[in-house]
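2 protein chains.
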Amino acid sequence: MTSGGRGSRTPAGSAARTSAGRRPLTPGPGLERLSLNTATVRGRGLPEVVDACARAGVPWIAPWREQLVALPAARAGRAIADAGLRVSSLCRGGFFPAASADERRARIDDNLLAIDEAATLGSDVLVLVCGGVPNRDLEGARQMVADGIAAIEPHARACGVRLGIEPLHPMFAADRSVITTLGEANALAARLDSPAVGVIVDAYHVWWDPRLREEIAAAARHTLGFHVSDWIVPLPDVLDGRGMMGDGVIDLRGMRRQVDAAGYRGPIEVEIFNRALRDRPLEEVLATMAERYRETVADDAADPSRG
Amino acid sequence: MTSGGRGSRTPAGSAARTSAGRRPLTPGPGLERLSLNTATVRGRGLPEVVDACARAGVPWIAPWREQLVALPAARAGRAIADAGLRVSSLCRGGFFPAASADERRARIDDNLLAIDEAATLGSDVLVLVCGGVPNRDLEGARQMVADGIAAIEPHARACGVRLGIEPLHPMFAADRSVITTLGEANALAARLDSPAVGVIVDAYHVWWDPRLREEIAAAARHTLGFHVSDWIVPLPDVLDGRGMMGDGVIDLRGMRRQVDAAGYRGPIEVEIFNRALRDRPLEEVLATMAERYRETVADDAADPSRG
Numbered sequence: 001m002t003s004g005g006r007g008s009r010t011p012a013g014s015a016a017r018t019s020a021g022r023r024p025l026t027p028g029p030g031l032e033r034l035s036l037n038t039a040t041v042r043g044r045g046l047p048e049v050v051d052a053c054a055r056a057g058v059p060w061i062a063p064w065r066e067q068l069v070a071l072p073a074a075r076a077g078r079a080i081a082d083a084g085l086r087v088s089s090l091c092r093g094g095f096f097p098a099a100s101a102d103e104r105r106a107r108i109d110d111n112l113l114a115i116d117e118a119a120t121l122g123s124d125v126l127v128l129v130c131g132g133v134p135n136r137d138l139e140g141a142r143q144m145v146a147d148g149i150a151a152i153e154p155h156a157r158a159c160g161v162r163l164g165i166e167p168l169h170p171m172f173a174a175d176r177s178v179i180t181t182l183g184e185a186n187a188l189a190a191r192l193d194s195p196a197v198g199v200i201v202d203a204y205h206v207w208w209d210p211r212l213r214e215e216i217a218a219a220a221r222h223t224l225g226f227h228v229s230d231w232i233v234p235l236p237d238v239l240d241g242r243g244m245m246g247d248g249v250i251d252l253r254g255m256r257r258q259v260d261a262a263g264y265r266g267p268i269e270v271e272i273f274n275r276a277l278r279d280r281p282l283e284e285v286l287a288t289m290a291e292r293y294r295e296t297v298a299d300d301a302a303d304p305s306r307g
Numbered sequence: 308m309t310s311g312g313r314g315s316r317t318p319a320g321s322a323a324r325t326s327a328g329r330r331p332l333t334p335g336p337g338l339e340r341l342s343l344n345t346a347t348v349r350g351r352g353l354p355e356v357v358d359a360c361a362r363a364g365v366p367w368i369a370p371w372r373e374q375l376v377a378l379p380a381a382r383a384g385r386a387i388a389d390a391g392l393r394v395s396s397l398c399r400g401g402f403f404p405a406a407s408a409d410e411r412r413a414r415i416d417d418n419l420l421a422i423d424e425a426a427t428l429g430s431d432v433l434v435l436v437c438g439g440v441p442n443r444d445l446e447g448a449r450q451m452v453a454d455g456i457a458a459i460e461p462h463a464r465a466c467g468v469r470l471g472i473e474p475l476h477p478m479f480a481a482d483r484s485v486i487t488t489l490g491e492a493n494a495l496a497a498r499l500d501s502p503a504v505g506v507i508v509d510a511y512h513v514w515w516d517p518r519l520r521e522e523i524a525a526a527a528r529h530t531l532g533f534h535v536s537d538w539i540v541p542l543p544d545v546l547d548g549r550g551m552m553g554d555g556v557i558d559l560r561g562m563r564r565q566v567d568a569a570g571y572r573g574p575i576e577v578e579i580f581n582r583a584l585r586d587r588p589l590e591e592v593l594a595t596m597a598e599r600y601r602e603t604v605a606d607d608a609a610d611p612s613r614g
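Residue numbers (the working numbering), protein chains in the order written: chain V, 1 to 307; chain Z, 308 to 614.
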């Protein structure tokens, strides 16, 4: 559907351009694709987190828009590039369905702004969390999502930003995303048929799906991101209960291999919403994240598939 | 796949036989198909609940096996029949996957006992909650489910008890059911290909599924039960946060019409796991349940599709 995977991505925004020629960070051993989604360490300012990533050898970062209030996108992009990091994605646009046409229009406007922010930051991917169900009309909400993405796609394309439709776990269908399976995200991307529209595979959201293997293969070259965390038992909290990789039931390495086999070569974001984890020291979180990433996601030295 | 829907069901067990000729309860207006799943009022003894149903004009009841400890199945079945009620299902068998062969054998033995209890109680349906994931092996767990149902199917058939595979919401995939979609339950029923195996459609578990309409149609005449409750926002609790019909986002009447259109004519169980609801007086819970059932599930007088 789209051309090219994420292997040779070049940051599209102005911040990356102003930083052209700056020396990239040397990643920690085996951490070449590792990205910290800043939700994992929420509550800290972006400069502190960027600095910690650089010291930990984590070469990618995925900021959230809320962090661009304290540090506007252009400055944030420069700080990230100055540290030798690259932006894997900006979180997040979306939330298209609403009960009134005015509200839907306002949300589209906010998404256009998010695209500008992504471009300025130096992110070529904007993650879309598509939005929930107004008025018990699930099919109507899905149509509003399709209409919303269609409305912002030209601006995304013009800005060199790709829109990553992220299917969310069905437990978020009511209030966060009526797009709940990778199959549905793939179908939506196919329907929009634009090089600026793809999908995000987040292990936590999709691991349970009996059709996952086929849909990862079908996502192939329009996969714009791969996110990891773990599903722990019992689930501590609906919103804030994700686990560190290795603490739960998901076969992350198996899923990562499927995503790779389909052609994805881009960064792998660690996005863990978990209060107890956020309360730990930043350096400790990053060290654990890197260790678990090597143990449960990346291929180890004994793995013959390591290329 | 199987012969016959649920419209003309005859209770299979001995309790029903001993009660032959007893006069059935006259249902409340519009409540002909309404069944109380006793999880909704958990913590009460079965005799108290049976009595309350009879007074409220609720003609069906679905006990849980844990209630058959205090009141063994034969006596429970007589008490239900004496009150003029019928059993819509017994909850629950299942939980087939386990790390060791011994444990899997023990679970199959427990399911054989559950089939006996269903037959003795006078229930022709045993609900199966299939079980979670041991050792991060989701595909292996699904195979253990298929093997487990295949192992108990001959005994179910011999006892006149049908096994209802209930897909659970994907948020329960890790610890309660690796069968998460109606599509998967249908495929499993097709694979087992027995008149004693069908599926249960529970609105709370499947409402979010983009393929729901097709799968309800495909379930057609092997649908053995339809359960209702509601998905409320924000979700109060993973296990105990279901809502009363009408308090959430699910289009229950729309789903009920689809299930009916596919050929289901059996009872409609109200199964609401919610602590606050359980704490209310029993009569009040049943009155609210009946009122909401009429308002949001059954067809009202103004509905031209009412036959």
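All C-beta atoms in this analysis are idealised placements derived from N, C-alpha and C, irrespective of residue type, glycine included. Bear in mind the structure is a predicted one, so any value in this text is a computation, not a measurement.
Selected residue, minimal CA-CA separation from residue i, among the options
| i | options | result |
| --- | --- | --- |
| residue 230 of chain V | V:101, V:71, V:34 and V:274 | V:274 |
| residue 398 of chain Z | Z:381, Z:379 and Z:374 | Z:374 |
| residue 332 of chain Z | Z:457, Z:376 and Z:388 | Z:388 |
| residue 30 of chain V | V:59, V:48, V:52 and V:50 | V:59 |
| residue 309 of chain V | V:141, V:249, V:288 and V:227 | Past the boundaries of the shown model lies residue 309 of chain V; chain V is included only from 1 to 307, so the question cannot be answered. |
| residue 523 of chain Z | Z:382, Z:455, Z:443 and Z:567 | Z:567 |
| residue 481 of chain Z | Z:534, Z:445 and Z:470 | Z:445 |
| residue 562 of chain Z | Z:526, Z:520 and Z:545 | Z:520 |
| residue 280 of chain V | V:42, V:32 and V:27 | V:42 |
| residue 166 of chain V | V:157, V:56, V:241 and V:131 | V:131 |
| residue 32 of chain V | V:288, V:266, V:286 and V:292 | V:266 |
| residue 596 of chain Z | Z:343, Z:330, Z:329 and Z:334 | Z:343 |
| residue 198 of chain V | V:222, V:128 and V:292 | V:222 |
| residue 601 of chain Z | Z:334, Z:451 and Z:386 | Z:334 |
| residue 371 of chain Z | Z:360, Z:513, Z:358 and Z:394 | Z:394 |
| residue 527 of chain Z | Z:512, Z:515 and Z:492 | Z:492 |
Beta carbon proximity, residue i to chain V, threshold 7 Å
| i | result |
| --- | --- |
| residue 478 of chain Z | yes |
| residue 357 of chain Z | no |
| residue 446 of chain Z | no |
For residue i: DSSP bridge partner residues
| i | result |
| --- | --- |
| residue 391 of chain Z | For residue 391 of chain Z, which the question treats as bridged, DSSP gives no partner whatsoever. |
| residue 484 of chain Z | Z:438 |
| residue 566 of chain Z | According to DSSP, which records beta bridges pairwise, residue 566 of chain Z is partnered with nothing at all. |
| residue 469 of chain Z | Z:432 |
| residue 615 of chain Z | With chain Z covering 308 to 614 only, the question about residue 615 of chain Z has no answer from this structure. |
| residue 369 of chain Z | Z:344 |
| residue 422 of chain Z | DSSP lists no partner for residue 422 of chain Z. |
| residue 91 of chain V | V:64 and V:127 |
| residue 576 of chain Z | Z:342 and Z:534 |
| residue 197 of chain V | V:163 |
| residue 202 of chain V | V:227 |
| residue 581 of chain Z | Z:548 |
Partners in chain V for residue i, counting only beta-carbon separations shorter than 8 Å
| i | result |
| --- | --- |
| residue 557 of chain Z | 136 |
Interface flag, residue i vs chain Z, CB-CB below 7 Å
| i | result |
| --- | --- |
| residue 175 of chain V | yes |
| residue 231 of chain V | yes |
| residue 303 of chain V | Any reading at residue 303 of chain V is ruled out, since the residue's pLDDT is 45, under 50, leaving its predicted position unreliable. |
| residue 7 of chain V | Summary for residue 7 of chain V: the model assigns pLDDT 41, below 50, so the residue's position carries little reliability; its value from the coordinates is reported in the next sentence. Chain Z, which has no Cβ nearer than 7 Å to the Cβ of residue 7 of chain V, makes this no. |
| residue 306 of chain V | A caution first: residue 306 of chain V carries a pLDDT of 34, below 50, which makes its placement in the model unreliable, though a value can still be read off. Cβ-Cβ to chain Z under 7 Å: no for residue 306 of chain V. |
Partner residues on chain Z for residue i, Cβ-Cβ distance less than 8 Å
| i | result |
| --- | --- |
| residue 133 of chain V | 556 |
Residue i: contacting residues in chain Z (beta-carbon distance under 9 Å)
| i | result |
| --- | --- |
| residue 234 of chain V | 481, 482, 545 and 546 |
Residue i: contacting residues in chain V (beta-carbon distance under 7 Å)
| i | result |
| --- | --- |
| residue 488 of chain Z | 210 |
Proximal residues of chain Z, C-beta to C-beta of residue i below 7 Å
| i | result |
| --- | --- |
| residue 184 of chain V | 517 |
**Item:** Residues of the stretch 193-220 of chain V whose Cβ lies closer than 7 Å to any Cβ of chain Z, in chain order
**Value:** 208 and 210
**Asked** Of the residues that make up the stretch 274-300 of chain V, which ones have a beta carbon closer than 8 Å to any beta carbon in chain Z?
**Response** none
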